[in-house]
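Undergrad: Can you keep this structure in mind? I'll have questions shortly.
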Amino acid sequence: MEELERLVNPRVKEIQISGIRKISNLVSQYQDAITLTIGQPDFPTPEHILRAGERAIAEHRTVYTPNPGLPEVRQAAAAFAERKYGLKYSGTDEIIITAGASQALDITLRTLLTEGG
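Put into C-alpha coordinates, the structure is as follows:
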(Lines of atoms letter the chains of each structure in order from A and count residues from 1; the text may use other names and numbers.)
(Lines give C-alpha, C1' and ligand atoms only; values in the text may rest on other atoms or scores of the structure.)
Protein backbone atom coordinates (compact mmCIF):
# COMPACT_ATOMS: atom_id res chain seq x y z
CA MET A 1 0.00 0.00 0.00
CA GLU A 2 2.86 2.40 0.77
CA GLU A 3 4.17 1.93 -2.75
CA LEU A 4 0.79 2.80 -4.22
CA GLU A 5 0.52 5.92 -2.04
CA ARG A 6 3.85 7.15 -3.41
CA LEU A 7 2.44 6.95 -6.94
CA VAL A 8 -0.64 9.02 -6.17
CA ASN A 9 -0.50 12.79 -6.02
CA PRO A 10 -0.65 13.72 -2.31
CA ARG A 11 -3.15 16.49 -3.06
CA VAL A 12 -5.77 13.83 -3.72
CA LYS A 13 -6.15 13.56 0.06
CA GLU A 14 -7.34 17.17 0.10
CA ILE A 15 -10.28 16.49 -2.21
CA GLN A 16 -13.56 17.01 -0.40
CA ILE A 17 -17.12 16.11 -1.17
CA SER A 18 -18.84 18.89 -3.12
CA GLY A 19 -20.86 21.49 -1.23
CA ILE A 20 -24.10 20.46 -2.94
CA ARG A 21 -23.54 16.83 -1.87
CA LYS A 22 -22.84 17.94 1.71
CA ILE A 23 -26.15 19.83 1.80
CA SER A 24 -27.97 16.94 0.12
CA ASN A 25 -26.62 14.53 2.73
CA LEU A 26 -27.78 16.86 5.52
CA VAL A 27 -31.25 17.29 4.02
CA SER A 28 -31.65 13.52 3.60
CA GLN A 29 -31.58 13.16 7.40
CA TYR A 30 -34.95 14.91 7.70
CA GLN A 31 -37.97 12.82 6.74
CA ASP A 32 -40.25 15.74 5.79
CA ALA A 33 -37.63 17.86 4.03
CA ILE A 34 -38.05 18.71 0.39
CA THR A 35 -34.69 18.42 -1.28
CA LEU A 36 -33.83 20.90 -4.00
CA THR A 37 -30.16 20.01 -4.16
CA ILE A 38 -28.70 17.55 -6.66
CA GLY A 39 -31.68 17.23 -8.97
CA GLN A 40 -32.13 13.49 -8.56
CA PRO A 41 -35.86 12.77 -8.95
CA ASP A 42 -37.59 10.55 -6.43
CA PHE A 43 -39.53 8.73 -9.15
CA PRO A 44 -38.59 6.51 -12.07
CA THR A 45 -38.00 8.08 -15.46
CA PRO A 46 -41.38 8.26 -17.27
CA GLU A 47 -41.79 5.86 -20.19
CA HIS A 48 -42.17 8.60 -22.81
CA ILE A 49 -38.79 10.03 -21.76
CA LEU A 50 -37.17 6.59 -21.99
CA ARG A 51 -38.63 6.10 -25.49
CA ALA A 52 -37.43 9.56 -26.56
CA GLY A 53 -33.92 8.69 -25.37
CA GLU A 54 -34.01 5.44 -27.32
CA ARG A 55 -35.16 7.29 -30.47
CA ALA A 56 -32.38 9.87 -30.07
CA ILE A 57 -29.77 7.11 -29.84
CA ALA A 58 -31.22 5.25 -32.83
CA GLU A 59 -31.14 8.50 -34.85
CA HIS A 60 -27.52 9.15 -33.78
CA ARG A 61 -28.53 12.35 -31.97
CA THR A 62 -25.80 11.86 -29.41
CA VAL A 63 -23.60 14.91 -29.97
CA TYR A 64 -23.41 18.14 -28.02
CA THR A 65 -26.19 20.59 -28.75
CA PRO A 66 -25.63 24.26 -29.53
CA ASN A 67 -24.78 26.23 -26.37
CA PRO A 68 -28.20 27.90 -26.05
CA GLY A 69 -30.00 24.59 -26.75
CA LEU A 70 -31.65 22.95 -29.73
CA PRO A 71 -33.59 25.50 -31.82
CA GLU A 72 -36.75 23.35 -31.81
CA VAL A 73 -36.66 23.06 -28.01
CA ARG A 74 -36.21 26.81 -27.66
CA GLN A 75 -39.15 27.42 -30.00
CA ALA A 76 -41.26 24.93 -28.02
CA ALA A 77 -40.36 26.78 -24.79
CA ALA A 78 -41.44 30.08 -26.37
CA ALA A 79 -44.73 28.54 -27.50
CA PHE A 80 -45.32 27.10 -24.02
CA ALA A 81 -44.68 30.45 -22.31
CA GLU A 82 -47.13 32.15 -24.65
CA ARG A 83 -49.80 29.45 -24.38
CA LYS A 84 -49.59 29.04 -20.61
CA TYR A 85 -48.74 32.57 -19.44
CA GLY A 86 -49.46 34.88 -22.38
CA LEU A 87 -45.76 35.85 -22.54
CA LYS A 88 -44.12 36.40 -25.92
CA TYR A 89 -40.46 35.50 -26.22
CA SER A 90 -38.34 34.78 -29.26
CA GLY A 91 -37.07 31.21 -29.22
CA THR A 92 -34.22 32.40 -31.40
CA ASP A 93 -32.63 35.06 -29.22
CA GLU A 94 -34.51 35.34 -25.91
CA ILE A 95 -34.55 31.75 -24.63
CA ILE A 96 -31.76 29.40 -23.68
CA ILE A 97 -32.01 25.79 -22.53
CA THR A 98 -29.74 24.79 -19.67
CA ALA A 99 -28.49 21.43 -18.45
CA GLY A 100 -30.20 21.95 -15.11
CA ALA A 101 -31.34 24.38 -12.45
CA SER A 102 -27.82 25.03 -11.12
CA GLN A 103 -26.64 26.18 -14.53
CA ALA A 104 -29.77 28.30 -15.00
CA LEU A 105 -29.32 29.97 -11.62
CA ASP A 106 -25.61 30.55 -12.26
CA ILE A 107 -26.28 32.20 -15.62
CA THR A 108 -29.11 34.30 -14.16
CA LEU A 109 -27.08 35.52 -11.21
CA ARG A 110 -24.02 36.26 -13.37
CA THR A 111 -26.29 38.28 -15.66
CA LEU A 112 -27.99 40.31 -12.94
CA LEU A 113 -25.40 40.79 -10.21
CA THR A 114 -22.29 42.90 -10.32
CA GLU A 115 -19.35 42.80 -7.97
CA GLY A 116 -19.88 45.18 -5.05
CA GLY A 117 -23.34 46.15 -6.36
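So for the sequence shown, our numbering puts the first residue at 67; every next one is plus one. From the three backbone atoms N, C-alpha and C, an ideal C-beta is built for every residue, glycine too.
On the DSSP letters alone, give me the boundaries of the alpha helix (DSSP H) that Leu70 sits inside.
TA: Glu68 to Leu73
Undergrad: Pairing CB atoms from the region 134-143 with CB atoms from the region 157-167, are three or more of them under 8 Å?
TA: yes
Undergrad: Which of helix, strand or coil does DSSP assign to Lys88?
TA: helix
Undergrad: With DSSP as the reference, label Arg176 as helix, strand or coil.
TA: helix
Undergrad: Measure the C-alpha to C-alpha separation of Ile100 and Gly85 and round it to an integer number of angstroms.
TA: 17 Å
Undergrad: If you draw a straight line from the C-alpha of Ala118 to the C-alpha of Pro107, how long is it?
TA: 18 Å
Undergrad: Roughly how far, in whole angstroms, is the beta-carbon of Ser90 from the beta-carbon of Ile104, given that I think they are within contact range, below 8 Å?
TA: Indeed they touch by this definition, with Cβ atoms about 5 Å apart.
Undergrad: Between which two residues does the alpha helix (DSSP H) holding Glu148 run?
TA: Looking at the DSSP string, the run of the alpha helix (DSSP H) that includes Glu148 is Pro137 to Tyr151.
Undergrad: Could you give the distance in angstroms between the alpha-carbon of Ala122 and the alpha-carbon of Ala165?
TA: Answer to the nearest angstrom: the Cα atoms are 17 Å apart.
Undergrad: What is the rounded straight-line gap between the Cα of Leu178 and the Cα of Ala124?
TA: 40 Å
Undergrad: Going by C-alpha to C-alpha distance, which of Gly152, Pro132 and Leu153 sits closest to Ile163?
TA: Pro132
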